[in-house]
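Peer 1: So the sequence shown is numbered by the numbering used here: it starts at 53 and just counts up by one.
Each residue gets a CB set at the ideal place from its N, CA and C atoms; glycine is no exception.
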Amino acid sequence: METIRSDRLLAKRNKLYEGKAKIIYDGPEPGTIVQYFKDDAVALNGTKKDIVAGKGVLNNRISSHIMTRLEGVGIPTHFLHSMNMREQLTRKLEMIPVEIVVRNIVAGSLSKRLGLEEGKYLPKPLVEFYYKDDALGNPLISEDHILTFGWADPYEMEEIVAMSLRVNDYLSGLFTGIGLKLVDFKLEFGRLWGEYDELYIILADEITPDTCRIWDAQTGEKLDKDRFLYDLGDLVEGYQEIAKRLGLIPEGGLMKEGEINEDVAAQLEDIENERARERKFKAVKTAKKPQKS
Ligand SMILES: Nc1ncnc2c1ncn2[C@@H]1O[C@H](COP(=O)(O)OP(=O)(O)OP(=O)(O)O)[C@@H](O)[C@H]1O
Ligand SMILES: [Mg+2]
Numbered sequence: 053m054e055t056i057r058s059d060r061l062l063a064k065r066n067k068l069y070e071g072k073a074k075i076i077y078d079g080p081e082p083g084t085i086v087q088y089f090k091d092d093a094v095a096l097n098g099t100k101k102d103i104v105a106g107k108g109v110l111n112n113r114i115s116s117h118i119m120t121r122l123e124g125v126g127i128p129t130h131f132l133h134s135m136n137m138r139e140q141l142t143r144k145l146e147m148i149p150v151e152i153v154v155r156n157i158v159a160g161s162l163s164k165r166l167g168l169e170e171g172k173y174l175p176k177p178l179v180e181f182y183y184k185d186d187a188l189g190n191p192l193i194s195e196d197h198i199l200t201f202g203w204a205d206p207y208e209m210e211e212i213v214a215m216s217l218r219v220n221d222y223l224s225g226l227f228t229g230i231g232l233k234l235v236d237f238k239l240e241f242g243r244l245w246g247e248y249d250e251l252y253i254i255l256a257d258e259i260t261p262d263t264c265r266i267w268d269a270q271t272g273e274k275l276d277k278d279r280f281l282y283d284l285g286d287l288v289e290g291y292q293e294i295a296k297r298l299g300l301i302p303e304g305g306l307m308k309e310g311e312i313n314e315d316v317a318a319q320l321e322d323i324e325n326e327r328a329r330e331r332k333f334k335a336v337k338t339a340k341k342p343q344k345s
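Spelled out as structure tokens, the structure:
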């Protein structure tokens, strides 16, 4: 029997989608996909771009970790396990074309749109919806738009909002404990059908400093993607600081003289995979719409 070399297998892998931050491939099992985290930093609707060495590795690590922690408190996520420095295996979902943004502190577009001072705590977490369409610039929408156009039904929306607020509670606490403020973040959800065609709403995509605003609690320093947008300093340094405080990289750091420290990266992968082995891989059917009878 011919031995197939792994690089040939990789080359043969079926690319499903390439976005700004990730490439999505078919996974090894039906109903799974591989998320490859790129080093590309993109802002201002694609007009500001750069390659930031180390960003993909850090984001893969941070998202795996946060998704694992969320699973641990009963939030169903698409994350299955880490594959290597840049890739993770996730369940393939039918994505709901809506971005859910939860805000604790005024920043970004909320500050601009309503003329509010950045940095003010909101009286309660604010949940916003954006229609996922890059060509339209991901416009702000109301829940009624979602229901009217059938992007999700009322039961799904109830679950999505409840889950988003639980994610906010958990992550706010997690970040407070390590001297960070979770200002706001974006979530995406998808649908998965179980063995008996029962529907599950699952947290998907990524939770990283690309999709969250995270400030140092003491100094107010921005450690997230805004560093790139506003040229506030080295992007990877901010991401690395978050990863360090989450206990994901040792004091020395993942990056050394602008290069990834391969030894540290390999250690991290071992730790992550050990954790993944402890988790049960539940067999699921390929995401598909249930047959209406
Ligand atoms: N579990 C999943 N199953 C299927 N698709 C997913 C899953 N998780 C995330 N996705 C989708 O994969 C893509 C991830 O790529 P990326 O984050 O680079 O996209 P993007 O550039 O942000 O653009 P957009 O999100 O607008 O497509 C997104 O379209 C996201 O909705
Ligand atoms: Mg994205």
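What's the gap between the Cα of residue 185 and the Cα of residue 152?
Peer 2: Residue 185 sits at position 133 when you count from the first residue of the sequence shown. Residue 152 sits at position 100 when you count from the first residue of the sequence shown. Cα to Cα, residue 185 sits roughly 13 Å from residue 152.
Peer 1: Would you check if the distance between the CB atom of residue 88 and the CB atom of residue 139 is smaller than 8 Å?
Peer 2: Position 36 of the sequence shown, counted from the start, is the residue given in the question as residue 88. Position 87 of the sequence shown, counted from the start, is the residue given in the question as residue 139. In contact: residue 88 and residue 139 (Cβ atoms closer than 8 Å).
Peer 1: Does the segment 272-290 come close enough to the segment 113-128 that 3 or more CB-CB pairs lie under 8 Å?
Peer 2: Taking 8 Å as the limit for Cβ pairs, the verdict is that the segment 272-290 does not touch the segment 113-128.
Peer 1: In this structure, how does DSSP classify residue 66 when only helix, strand and coil are distinguished?
Peer 2: By 1-based counting over the sequence shown, the position of residue 66 is 14. Of the three classes helix, strand and coil, the one that applies to residue 66 here is coil, per DSSP.
Peer 1: Apply the 10 Å Cβ neighbour rule to residue 66 and answer buried if 16 or more other Cβ atoms are within range, or exposed otherwise.
Peer 2: If you number the sequence shown from 1, residue 66 lands on position 14. Classification of residue 66: exposed, given that the 10 Å Cβ count is below 16.
Peer 1: Is the separation between the beta-carbon of residue 226 and that of residue 268 shorter than 8 Å?
Peer 2: By one-based count along the sequence shown, residue 226 stands at place 174. By one-based count along the sequence shown, residue 268 stands at place 216. Their beta carbons are not under 8 Å apart, which means residue 226 does not touch residue 268 by this criterion.
Peer 1: For residue 159, is the classification buried or exposed, using 16 other Cβ atoms within 10 angstroms of its Cβ as the cut-off for buried?
Peer 2: For the purposes of this step, residue 159 is identified with residue 107 of the sequence shown, where counting begins at 1. Buried, because 16 or more other Cβ atoms sit within 10 Å of the Cβ of residue 159.
Peer 1: Output the boundary residues of the alpha helix (DSSP H) element that contains residue 295.
Peer 2: Position 243 of the sequence shown holds residue 295. Its alpha helix (DSSP H) spans residues 287-297.
Peer 1: Judging by CA-CA distance, which residue of 220, 172, 258 and 240 is the nearest neighbour of residue 272?
Peer 2: Your numbering for residue 272 matches position 220 in the sequence shown. Answer by Cα proximity: 172.
Peer 1: Between residue 220 and residue 309, what straight-line distance do the alpha-carbon atoms span, to the nearest angstrom?
Peer 2: Within the sequence shown, residue 220 is the residue found at index 168, counting from 1. Within the sequence shown, residue 309 is the residue found at index 257, counting from 1. Near 35 Å, if we compare the C-alpha coordinates of residue 309 and residue 220.
Peer 1: Quick one: is the Cβ of residue 81 within less than 7 Å of any heavy atom of ligand 1?
Peer 2: Position 29 of the sequence shown holds residue 81. Flag unset: Cβ of residue 81 not near ligand 1.
Peer 1: Check whether the Cβ atoms of residue 316 and residue 302 sit closer than 8 Å, and answer yes or no.
Peer 2: By one-based count along the sequence shown, residue 316 stands at place 264. By one-based count along the sequence shown, residue 302 stands at place 250. Cβ atoms of residue 316 and residue 302: closer than 8 Å.
Peer 1: Any chance you could list the alpha helix (DSSP H) runs of at least 4 consecutive residues sitting entirely within the segment 145-187, in chain order?
Peer 2: Counting whole runs of 4 or more residues, the segment 145-187 contains the alpha helix (DSSP H) stretches 160-166.
Peer 1: Check residue 312 in the structure and name its three-state DSSP category.
Peer 2: Taking the first residue of the sequence shown as position 1, residue 312 is located at position 260. Strand.
Peer 1: Does the beta-carbon of residue 160, which I'm using as the reference point, lie nearer than 7 Å to any heavy atom of ligand 2?
Peer 2: On the sequence shown, residue 160 is found 108 positions in, with the first residue counted as 1. No, Cβ of residue 160 sits at least 7 Å from all heavy atoms of ligand 2.
Peer 1: To the nearest angstrom, how far is it from the Cα of residue 300 to the Cα of residue 79?
Peer 2: Along the sequence shown, one-based indexing puts residue 300 at 248. Along the sequence shown, one-based indexing puts residue 79 at 27. So the alpha carbons of these two residues sit roughly 25 Å apart.
Peer 1: Hey, out of 177, 83 and 205, whose CA is closest to residue 162's CA?
Peer 2: Within the sequence shown, numbered from 1, the residue matching residue 162 stands at position 110. Minimum Cα distance to residue 162 is reached at 177.
Peer 1: Leaving out the 5 sequence neighbours to the left and right, which residues in its chain are closer than 8 Å to residue 193 when beta-carbon positions are compared?
Peer 2: Mapped onto the sequence shown, residue 193 falls at position 141. If we look at residue 193 and ignore the five residues flanking it on each side, its Cβ neighbours are 150, 181, 182 and 183.
Peer 1: Take residue 71 and list the residues in its own chain whose beta-carbon comes closer than 7 Å to its own, dropping the five residues that flank it on each side.
Peer 2: As a position in the sequence shown, residue 71 is number 19, starting the count at 1. Excluding residues within five positions, none has a Cβ falling inside 7 Å.
Peer 1: From the DSSP output, which residues share a beta bridge with residue 107?
Peer 2: Residue numbering aside, residue 107 sits at position 55 when the sequence shown is read from its first letter. Paired residue(s): none; residue 107 is not in a bridge.
Peer 1: For residue 102, which beta-bridge partners are listed by DSSP?
Peer 2: For the purposes of this step, residue 102 is taken as residue 50 along the sequence shown, with counting starting at 1. DSSP lists 93 as partners of residue 102.
Peer 1: Taking the alpha-carbon of residue 247 as reference, which of 74, 282 and 83 has the nearest alpha-carbon?
Peer 2: Position 195 of the sequence shown, counted from the first residue, corresponds to residue 247. For residue 247, the nearest C-alpha among the options comes from 83.
Peer 1: Please work out which residues of its chain come closer than 6 Å, Cβ to Cβ, to residue 64, disregarding the five sequence neighbours upstream and downstream, and give them in chain order.
Peer 2: Locating residue 64 in the sequence shown gives position 12, counting from the first residue. Answer for residue 64: no residue qualifies.
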